[in-house]
Amino acid sequence: MQTRWSDMDIYGHVNNVVYMQYCDAALNRSLIASGALELNGSTPIGIVARNSTNYFSEISYPDNVVVGVRVEHIGNTSLLWGFGIFKDDEELTAAVSEYVHVYVDRDTRRPVPLTPELKELADRLYVSASVEEF
């Protein structure tokens with residue numbers, strides 16, 4: 009996706025808050041494409057319970073941004089999403105983010121089990137966090 013002039017802050021780089029907007033846009037595209045999210049009536053809905061970002065290099069306007077999406081943990085009512093944020097065609101990440109979505113009923117806002125569509129998407133995007141030693 010293309011950075012916007014309004015994404016930048018007074019320091020001449022993309023503001024930290026905007027990184028989460030990039031992640032949110034990439035995730036929602038994945039959810040909609042998989043059928044796990046319908047904009048006008050999907051239940052359950054994912055509520056962000058926690059998020060964090062580590063920054064490694066700056067992104068500025070007019071850089072292009074690519075966001076990779078993966079699942080790092082699958083719970084009964086929640087998913088831990090991981091994101092790699094890349095500038096232009098660079099191989100190293102500019103930032104990595106993660107957040108926990110707790111899935112809740114749209115009306116009651118109480119946690120509910122993951123739907124089959126969410127489970128299928130999560131299984132497809134799951135990447136084990138374990139590291140093998142050589």
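First residue of the sequence shown: 9, per our numbering; consecutive thereafter.
C-beta atoms are modelled at their ideal positions from N, C-alpha and C, and glycine is treated no differently.
For this session: Less than 8 Å between the CB atoms is what I'm expecting for Phe94 and Ser105, so what's the real figure, rounded?
Result: 12 Å between Cβ atoms; not a contact.
Exercise. Considering only residues of the region 42-107, which uninterrupted alpha helix (DSSP H) runs meet the minimum length of 4 residues and lie entirely inside it, listed in chain order?
Worked result: Those alpha helix (DSSP H) runs which fall completely within the region 42-107 and span 4+ residues do not exist here.
Exercise. If Tyr111 and Leu122 are in contact, beta carbons under 8 Å, what's the gap, nearest whole angstrom?
Worked result: About 6 Å separates the CB atoms of Tyr111 and Leu122; that is less than 8 Å, so the two are in contact.
Exercise. What did DSSP end up calling Tyr4 once you bin it into helix, strand or coil?
Worked result: Since the first and last residues shown for the chain are 9 and 142, residue 4 lies out of range.
Problem set entry | Residues sharing a beta bridge with Gln10, DSSP | For Gln10, the pairing in a beta bridge is given by DSSP as Asn72.
Exercise. So does the region 58-75 actually touch the region 21-36, counting three or more Cβ pairs closer than 8 Å?
Worked result: Because the criterion of three Cβ pairs below 8 Å is met, the region 58-75 and the region 21-36 touch.
Exercise. For the candidate residues Gly54, Leu129, Tyr69 and Asp97, whose alpha-carbon lies nearest to that of Tyr107?
Worked result: Considering only Gly54, Leu129, Tyr69 and Asp97, the residue with the shortest C-alpha distance to Tyr107 is Gly54.
For this session: Give the single residue among Val75, Asp113, Val79 and Met16 whose Cα lies nearest to the Cα of Leu100.
Result: The shortest Cα separation from Leu100 among Val75, Asp113, Val79 and Met16 belongs to Val75.
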